[in-house]
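Here the UniProt record's numbering is used: the first residue of the sequence shown is 1, the next is one more, and so on.
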Amino acid sequence: MFFGTYTPKLDDKGRLFLPAKFRDELAEGLVVTRGQERCLTVWSLADFSRMTDRLREAPVTNKATRDYVRMLFAAASQEVPDKQGRIGIPATLRDYASLTRDVMVIGAMNRVEIWDPQSWATYSEEQEQKFAELSDEVFPGI
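This is the structure:
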């Protein structure tokens with residue numbers, strides 16, 4: 001499980017040091033691709049495979065399925081962390097998420113998200129009140 005917020009930097013070659021707490025779970029490899037809200041999503045190979053299996057079951061005749069699959073897989077990059085725990089972030093994905101040197105890396109349960117710091121700050125601020133309100137909807141009766 002991934003949780004926490006970290007502030008690593010991209011190096012000059014577009015590589016990112018994964019937070020140490022995430023490295024064991026991603027050591028065998030990972031997939032980085034577009035996420036929602038213009039962030040990047042990092043999946044372990046096992047979780048990406050499970051998601052792929054579910055998408056295979058979706059009807060290809062459904063336009064929303066085709067659109068989603070195209071956007072997800074066209075940008076996907078399979079990576080294996082090097083001995084220092086770095087992964088490459090392809091230029092197209094860095095551009096998509098407006099990543100420069102500073103980044104925010106957040107744990108989001110079964111995935112890792114990589115954000116531009118300003119985008120994350122804006123999103124976080126906008127969601128703060130909703131977060132408080134959603135607890136009753138997400139966890140009714142607790």
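A virtual CB, placed ideally from N, CA and C, is assigned to each residue, including glycine.
Is the CB-CB distance between residue i and residue j below 9 Å?
i, j, result
"L30", "V105", "no"
"T33", "A76", "yes"
"E37", "S135", "no"
"N110", "D24", "no"
"G14", "R70", "no"
Return helix, strand or coil for residue i, following the three-state DSSP convention.
i, result
"residue 222", "The structure shown does not extend to residue 222, since the chain is modelled only from 1 to 142, so the question has no answer here."
"D102", "strand"
"Q118", "helix"
"Q36", "helix"
"L30", "strand"
"F22", "helix"
"K83", "coil"
"K9", "strand"
"A73", "According to the sequence displayed, residue 73 carries Phe and not Ala. Correct three-state label for F73: helix."
"F3", "coil"
Apply the 10 Å Cβ neighbour rule to residue i and answer buried if 16 or more other Cβ atoms are within range, or exposed otherwise.
i, result
"F2", "buried"
"F22", "buried"
"G4", "exposed"
So residue i and residue j are in contact, right, with Cβ under 8 Å, and what is the actual spacing, rounded?
i, j, result
"D116", "A97", "6 Å"
"K9", "V103", "7 Å"
"G54", "V60", "The amino acid occupying residue 54 in the given sequence is Arg; Gly does not appear at that position. With 8 Å as the limit, R54 and V60 do not qualify as a contact, their Cβ atoms being about 13 Å apart."
In the DSSP assignment, what are the bridge partners of residue i?
i, result
"S44", "L30"
"G14", "Bridge partners of G14: none, in fact."
"Q78", "V31"
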